[in-house]
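**Q** Pasting a structure below so you can have a look.
2 protein chains.
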Amino acid sequence: MSLETTATSLPEPLQVTAAAAQAGADAVRGQLRVALPMRHAGTHEVELRYELRGPEDAPVVFVAGGISAHRHVSASASFPEAGWANALVAAGRALDPARLRVLAFDYVGADGRLDVPIDTADQADAIALLLDALGIARLQAFVGYSYGAMVGLQFGARHPHRLRRLVAVSGAHSPHPYASAWRALQRRAVALGQLQCADAAGLALARQFAMLSYRTPEEFGERFAAPPEIVNGRVRCAAEDYLDACGAQYVARTPVTAFLRLSESIDLHRVDPAGVRVPVTVVAVEGDRLVPLADSVNLVEGLAGRGQLRVLRSPYGHDAFLKETDRIDLILAAVLHGKDGAAA
Amino acid sequence: MSLETTATSLPEPLQVTAAAAQAGADAVRGQLRVALPMRHAGTHEVELRYELRGPEDAPVVFVAGGISAHRHVSASASFPEAGWANALVAAGRALDPARLRVLAFDYVGADGRLDVPIDTADQADAIALLLDALGIARLQAFVGYSYGAMVGLQFGARHPHRLRRLVAVSGAHSPHPYASAWRALQRRAVALGQLQCADAAGLALARQFAMLSYRTPEEFGERFAAPPEIVNGRVRCAAEDYLDACGAQYVARTPVTAFLRLSESIDLHRVDPAGVRVPVTVVAVEGDRLVPLADSVNLVEGLAGRGQLRVLRSPYGHDAFLKETDRIDLILAAVLHGKDGAAA
Numbered sequence: 001m002s003l004e005t006t007a008t009s010l011p012e013p014l015q016v017t018a019a020a021a022q023a024g025a026d027a028v029r030g031q032l033r034v035a036l037p038m039r040h041a042g043t044h045e046v047e048l049r050y051e052l053r054g055p056e057d058a059p060v061v062f063v064a065g066g067i068s069a070h071r072h073v074s075a076s077a078s079f080p081e082a083g084w085a086n087a088l089v090a091a092g093r094a095l096d097p098a099r100l101r102v103l104a105f106d107y108v109g110a111d112g113r114l115d116v117p118i119d120t121a122d123q124a125d126a127i128a129l130l131l132d133a134l135g136i137a138r139l140q141a142f143v144g145y146s147y148g149a150m151v152g153l154q155f156g157a158r159h160p161h162r163l164r165r166l167v168a169v170s171g172a173h174s175p176h177p178y179a180s181a182w183r184a185l186q187r188r189a190v191a192l193g194q195l196q197c198a199d200a201a202g203l204a205l206a207r208q209f210a211m212l213s214y215r216t217p218e219e220f221g222e223r224f225a226a227p228p229e230i231v232n233g234r235v236r237c238a239a240e241d242y243l244d245a246c247g248a249q250y251v252a253r254t255p256v257t258a259f260l261r262l263s264e265s266i267d268l269h270r271v272d273p274a275g276v277r278v279p280v281t282v283v284a285v286e287g288d289r290l291v292p293l294a295d296s297v298n299l300v301e302g303l304a305g306r307g308q309l310r311v312l313r314s315p316y317g318h319d320a321f322l323k324e325t326d327r328i329d330l331i332l333a334a335v336l337h338g339k340d341g342a343a344a
Numbered sequence: 345m346s347l348e349t350t351a352t353s354l355p356e357p358l359q360v361t362a363a364a365a366q367a368g369a370d371a372v373r374g375q376l377r378v379a380l381p382m383r384h385a386g387t388h389e390v391e392l393r394y395e396l397r398g399p400e401d402a403p404v405v406f407v408a409g410g411i412s413a414h415r416h417v418s419a420s421a422s423f424p425e426a427g428w429a430n431a432l433v434a435a436g437r438a439l440d441p442a443r444l445r446v447l448a449f450d451y452v453g454a455d456g457r458l459d460v461p462i463d464t465a466d467q468a469d470a471i472a473l474l475l476d477a478l479g480i481a482r483l484q485a486f487v488g489y490s491y492g493a494m495v496g497l498q499f500g501a502r503h504p505h506r507l508r509r510l511v512a513v514s515g516a517h518s519p520h521p522y523a524s525a526w527r528a529l530q531r532r533a534v535a536l537g538q539l540q541c542a543d544a545a546g547l548a549l550a551r552q553f554a555m556l557s558y559r560t561p562e563e564f565g566e567r568f569a570a571p572p573e574i575v576n577g578r579v580r581c582a583a584e585d586y587l588d589a590c591g592a593q594y595v596a597r598t599p600v601t602a603f604l605r606l607s608e609s610i611d612l613h614r615v616d617p618a619g620v621r622v623p624v625t626v627v628a629v630e631g632d633r634l635v636p637l638a639d640s641v642n643l644v645e646g647l648a649g650r651g652q653l654r655v656l657r658s659p660y661g662h663d664a665f666l667k668e669t670d671r672i673d674l675i676l677a678a679v680l681h682g683k684d685g686a687a688a
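For the protein sequence lines, the chains are A and B, in the order given. 1 is the number of the first residue of the first sequence in this note's numbering; add one for each residue after it. 345 is the number of the first residue of the second sequence in this note's numbering; add one for each residue after it.
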C-alpha cells in the first residue's frame, strides 16, 4: 500500500512535511519544499522527494546512487516495484530493512525543472534539510555509489555531525579529467539533438556513450563478439541492439535538463578529503573507466587516518555496485555491522 | 618540386599509370584507376593515389596508417609539407628514405566518393594492383599502424608472395567488440548531425569521441586537471578547448562519407591469423583502449611460429605509434635491419 504526504501551502521559504506512516506500511514517501542556497546559482525553491523504509526506531542509513538513481531503492510491501538497488537492500543483507531504516531521495534537479548549475554541495545541503524535516539528528551511515559517493563526501565535509560513517563506492573527491571530457561530449550529443528538436535522439546517444564508460571491454568482448552485419548498406555492430535498448529506456524516464544538469554536477564536484571529518570506507573497482584506482588511493591518503580502501576487480567496471551485489554486501556488512554481524 | 602523373583515358577496367620521376625529384606522386572487385560491394572503379619516396633501386617498404592517414607519409624535397609520420620516415631512422623506398597511398574511400561498405581485404587488393602498376614484385616490408596494421594482415593473407615481412602496430586480426561499439556510436553522432544538415557538427563530435579512444586517462589527467568553468550558465570542462580543436581540424580535411565508410571498414575487418603466411612483428601498446593487449597476444598465438610480440607502455595509448617515435623506431630498426643495423 502506498502512502504519500505532500505539502500543499508554501508560505515560508522553508516549508516541510513529514510522512506519517499508516498502520502496516513498511515504507513511506513524502515530499517537501525547501529554499536551497546553491553554490553556483543563488537560492532556489526545490521539492525534495524521499522514501523511507524500515522500523521507525531503527538507525537510519542514507543510500544514494548514480545520477539516474532515485528515492525508490528497493521493493517493499508498500511500494512493490523493483528499486534501483533491490539486491542490496533486502532481508538478510547488510542493508536489511528489518534492522535499518533506509532513506533515499530524488536528486535535486532530477525532475528536470531546475535548469541551473547544480553542485554536489547543493545535494548534501538538501539532504541536511531533509533530515531536519524528518527529525533525524544523525545518520548511522551514508552509502553512496558513483554520484552518490561524491554527494556523501560533500555531506561528510559540510555536515559531519549528522553522520557516523560514510561508504563511498566508485566515486572520489573530484572527477577524473578524462571522465569529465567523456561527459562533456555526452552533453554535446544532447546539444546536437536539441539543435533540430531531436532531443530524444541526442539524449539516447549520450546515454549510449555513457554506457561505454560504465561497462568494460571485458564484458563487451564476451557479450558482443559476433561479427557485424550489413543492414541497408550500413555496417551494424553486434552491440548496437543492446545500446539501442539502453538509450530508449533512459530517454523514457529522464528529462533532458535533468541529465544535463546532473552530468555537469559530477564535473563541478570538488571536495578536499582533509575536510571530510567522518570515517570513510572507499570502495574502488579495478577496471572502472570513470574512477581510476589511483584517484581512490589519493582520496584515502587525503583522509589520513579516517579512510580505508577496499578494491574489487569486476568486469562490470563502474557498474559493479549494481552487479557485484554479493561482494558489495560483504563489504557493507563488515563496515556497518562488523565482520561478525554485530551492529557497529 | 612536386610531380604528379595522371591517367586521363580509361578505356579498360584496369588502367594504370606509373609515375616518372623528374631529374632531382626525391619523391613522386601518381594516381591510377583500377576496377576493384570488393568483398561486400561488387566491382567499383576507384582511383588509387600514391606517393613513392626514395632511391629507385632501393627495397620498397609500404607504410599505412590510421583511417585518417594518407599517401604523404613524410616531408621530402619534392613535397616539403609535413607528412603524417614525419618523425619515423627520416634520415637516420629505420625508415630512412636514403636507404629504402617508401610507398604509401590514400585509402580506398578516403576521397568520400565511394559510398559502399569497404573491407580491409579491398584495401589489400588495391595495394596489390598498385604494386602491379608500379612494377614492384615484392615489398621488403609492410609497416602498418592501426587500420594500416589490419590492412597489412589482409595483405599478408591474400598476397603473401608480394611481401617479406609485416610489422603490425596497434591493430589485430579483428576489432574488439567494445571498440566496435565505440565506433558505431561515432557513426551515430554523424547520423544525428546529418538529420539536420549539420554534417560538420556531427563529424566533429564523432572525432572528439574518437580522440578519447585514441588517448588515455593518464594523458588527460596531466593535461586537463583544471576545474571546469561555468560559461553562459553551462559547465565547460578543461579538455573542451582541445576537443574543439580536434574536431575542427578533422572536419576541415575529412569528407563525412570517408569517415563513415572507413570507420565501418575497421569493424568489418576479420583475418584468420593462420592464413597470414609471412613473418609478422606485432607491436602492442599496453593501455591502448581500442586494441587490448590480449587481442595482440591472440594474434601472435594464431600466427604460430611466424609471429613475435613487442609491447610498449605509453600514456598515448592507441596513438603511441605517432608519439613514441623513438621507441617505435628502435623496434622497426631491429625488425627491418637487425639489431646491428645490417639489412635483414
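Each residue gets a CB set at the ideal place from its N, CA and C atoms; glycine is no exception.
When the Cβ atoms of the region 282-302 of chain A are set against those of the region 189-208 of chain A, are three or more pairs found closer than 8 Å?
**A** No: the two stretches stay apart, fewer than three of their Cβ pairs being nearer than 8 Å.
**Q** Roughly how many angstroms separate the alpha carbons of A435 (chain B) and V446 (chain B), rounded to a whole number?
**A** Near 12 Å, if we compare the C-alpha coordinates of V446 (chain B) and A435 (chain B).
**Q** Am I right that Q552 (chain B) and C590 (chain B) are in contact with their C-beta atoms under 8 Å? What's the rounded C-beta distance?
**A** Contact flag correct, Cβ pair sits at about 6 Å.
**Q** Between which two residues does the beta strand (DSSP E) containing V251 (chain A) stretch?
**A** Premise fails: V251 (chain A) lies in the alpha helix (DSSP H), 240-253, not in any beta strand (DSSP E).
**Q** With H, G and I counted as helix, E and B as strand and the rest as coil, what does DSSP make of A168 (chain A)?
**A** Note: A168 (chain A) maps to strand in three-state DSSP.
**Q** For the beta strand (DSSP E) containing D107 (chain A), name the first residue and the last one.
**A** The sequence as given places Tyr at residue 107 (chain A); Asp does not occur at that position. Note, Y107 (chain A): premise wrong, no beta strand (DSSP E); not H, not E.
**Q** So F406 (chain B) and L483 (chain B) are supposed to be a Cβ contact under 8 Å. How far apart are they, rounded?
**A** About 5 Å; that satisfies the 8 Å criterion.
**Q** In terms of residue numbering, what span does the alpha helix (DSSP H) encompassing A533 (chain B) cover?
**A** Note, A533 (chain B): alpha helix (DSSP H), 521-538.
**Q** Could you name the residues of chain A that P399 (chain B) contacts, counting a contact when the two beta carbons are closer than 8 Å?
**A** Per Cβ cutoff of 8 Å: no residues; P399 (chain B) is ~41 Å from chain A at best.
**Q** So for V300 (chain A), helix, strand or coil by DSSP?
**A** Helix, per DSSP.
**Q** Pull out every residue of the region 598-620 of chain B whose Cβ sits closer than 7 Å to any Cβ of chain A, in chain order.
**A** Listed in sequence order: E608, D611, L612, R614.
**Q** Would you please verify whether the beta carbon of I328 (chain A) is less than 8 Å from any beta carbon of chain B?
**A** By this cut-off, I328 (chain A) is not an interface position.
**Q** Taking all protein chains shown into account, decide if A582 (chain B) is buried (16 or more other Cβ within 10 angstroms of its Cβ) or exposed.
**A** A582 (chain B) should be labelled buried.
**Q** Looking at chain D, which residues of the region 538-560 of chain B have a Cβ within less than 7 Å of any of its Cβ atoms?
**A** Note that chain D does not occur in the displayed structure, where the protein chains are A and B.
**Q** Return yes when the Cβ of V283 (chain A) is within less than 8 Å of the Cβ of V167 (chain A), no when it is not.
**A** Contact flag set, yes.
**Q** So, is V231 (chain A) buried or exposed, given that buried needs 16 or more other C-beta atoms within 10 angstroms?
**A** With fewer than 16 other Cβ atoms within 10 Å, it is exposed.
**Q** If I follow the unbroken beta strand (DSSP E) through G577 (chain B), where does it start and stop?
**A** That residue, G577 (chain B), is in no beta strand (DSSP E); it is neither H nor E in DSSP.
**Q** Output the boundary residues of the beta strand (DSSP E) element that contains Q31 (chain A).
**A** Start and end: 27-38.
**Q** At the 8 Å Cβ level, is H384 (chain B) part of the contact set with chain A, yes or no?
**A** So yes, H384 (chain B) belongs to the interface.
**Q** Look up F142 (chain A) in the DSSP assignment and say whether it is helix, strand or coil.
**A** Three-state DSSP puts F142 (chain A) in a strand.
**Q** I want to know whether the region 122-134 of chain A touches the region 73-92 of chain A - three or more CB-CB distances under 8 Å.
**A** No, they do not touch.
**Q** To the nearest whole angstrom, what separates the beta carbons of G488 (chain B) and V452 (chain B), a pair I think is in contact under 8 Å?
**A** Wrong, their Cβ atoms sit about 15 Å apart, outside the cutoff.
**Q** Any idea which residues DSSP pairs T625 (chain B) with across the strands?
**A** Note: T625 (chain B) sits in a beta bridge opposite B:V511, B:Q652.
**Q** Can you tell me whether H161 (chain A) is buried or exposed, with buried defined as 16 or more other CB within 10 angstroms of its CB?
**A** Exposed, since its Cβ has fewer than 16 Cβ neighbours within 10 Å.
**Q** Determine whether the Cβ of R532 (chain B) lies closer than 8 Å to any Cβ atom of chain A.
**A** Answer yes: the Cβ-Cβ gap between R532 (chain B) and chain A drops below 8 Å somewhere.
**Q** Please work out which residues of its chain come closer than 7 Å, Cβ to Cβ, to T325 (chain A), disregarding the five sequence neighbours upstream and downstream, and give them in chain order.
**A** Hits under 7 Å: A87, L88.
**Q** Does any CB atom of chain B fall closer than 8 Å to the CB of G221 (chain A)?
**A** Closer than 8 Å to some Cβ of chain B, the Cβ of G221 (chain A) qualifies, so yes.
**Q** Less than 8 Å between the beta carbons of P228 (chain A) and S640 (chain B), yes or no?
**A** In this structure, S640 (chain B) does not lie closer than 8 Å to P228 (chain A) by Cβ.
**Q** Measure from the C-beta of G631 (chain B) to each C-beta in chain A and report whether the shortest distance is under 8 Å.
**A** Closer than 8 Å: no.
**Q** May I ask you to report which of helix, strand or coil DSSP gives H662 (chain B)?
**A** Residue state, collapsed to three classes: helix.
**Q** With 16 as the cutoff for other CB atoms within 10 Å, does Q593 (chain B) come out buried or exposed?
**A** With fewer than 16 Cβ atoms within 10 Å of its Cβ, Q593 (chain B) is classed as exposed.
**Q** So, using beta-carbon positions, are S518 (chain B) and H662 (chain B) closer together than 8 Å?
**A** Contact: no.
**Q** Which residues of chain B have a Cβ atom closer than 9 Å to the Cβ of V116 (chain A), listed in chain order?
**A** Within 9 Å Cβ-Cβ: G577.
**Q** Can you tell me which of the three DSSP states G368 (chain B) falls into?
**A** Three-state DSSP puts G368 (chain B) in coil, outside helix and strand.
**Q** Taking DSSP's pairing of strands, which residues face V390 (chain B) in a bridge?
**A** Note: V390 (chain B) sits in a beta bridge opposite B:V378.
**Q** If you count every other CB in all the chains shown that lies within 10 Å of the CB of L55 (chain A), and 16 or more means buried, which is it?
**A** With the sequence shown as reference, residue 55 (chain A) is identified as Pro, and Leu is not the correct amino acid for it. The residue is exposed, with fewer than 16 neighbouring Cβ atoms inside 10 Å.
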